[in-house]
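> I have a structure I would like to understand better, so I am pasting it below and will then ask my questions one at a time.
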Amino acid sequence: MSELVQRIRSEVDALTRNVEFRNLLRQEETWLQQAQRTVTEVRHWRDREAYRFWPGVARRWMLALAFALLAVWSAGAGYAWVTNPWVKELPELRARLEKLDFIEQRAATLTPAEQRQLDALMKWPMSLASRDNPIRRSRQ
175 MSELVQRIRS
185 EVDALTRNVE
195 FRNLLRQEET
205 WLQQAQRTVT
215 EVRHWRDREA
225 YRFWPGVARR
235 WMLALAFALL
245 AVWSAGAGYA
255 WVTNPWVKEL
265 PELRARLEKL
275 DFIEQRAATL
285 TPAEQRQLDA
295 LMKWPMSLAS
305 RDNPIRRSRQ
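Under the numbering used here, the first residue of the sequence shown carries the number 175, and numbering increases by one thereafter.
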């Protein structure tokens with residue numbers, strides 16, 4: 175056993191004295207140090223990237239939200255501006271419609287004597303005053 179240990183020790187000593195082997199070990203150590211620096215640098219970059227990622231995403235979404243709100247507001251304002259005259263006109267049109275409904279109902283219930291009196295007062299054009307007029311026929 176001691177002979178085996180002695181032989182291993184002599185081989186190890188021979189390897190440690192070998193210049194090429196020492197250079198190879200130094201190169202490997204240098205490579206490992208460079209790899210460690212690279213990994214550390216990449217981790218640092220990833221941390222910075224993760225730190226900067228969410229504010230950029232939040233800014234983009236806030237910009238999209240602002241655009242959507244502005245578009246909805248402008249569409250609503252445009253709709254209100256376009257329909258505003260019609261809203262003002264509706265009560266007047268409803269009143270006129272009620273008057274026309276009343277006149278139509280009254281004209282439908284005219285007696286023949288009242289109809290002749292109305293024709294005399296209104297002085298209809300000949301096409302409306304004739305007996306073949308479908309409007310006049312529907313009233314009778």
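Ideal Cβ placement from N, Cα and C applies to all residues, glycine included. Given the structure is predicted, the values throughout are model-derived calculations rather than measurements.
Please report the residue range of the alpha helix (DSSP H) in which N197 lies.
Translated into positions along the sequence shown, residue 197 becomes position 23. Segment V193 to A282, the alpha helix (DSSP H) holding N197.
> What is the rounded straight-line gap between the Cα of L284 and the Cα of E272?
Position 110 of the sequence shown holds residue 284. Position 98 of the sequence shown holds residue 272. The alpha-carbon atoms of L284 and E272 are separated by roughly 19 Å.
> If I follow the unbroken alpha helix (DSSP H) through M296, where does it start and stop?
For the purposes of this step, residue 296 is identified with residue 122 of the sequence shown, where counting begins at 1. Its alpha helix (DSSP H) spans residues P286 to M296.
> Which of the three DSSP states, helix, strand or coil, is assigned to P308?
One-based indexing of the sequence shown puts residue 308 at position 134. Because the pLDDT of P308 is 49, which lies under 50, any placement of that residue in the model is unreliable, and the question is left without a value.
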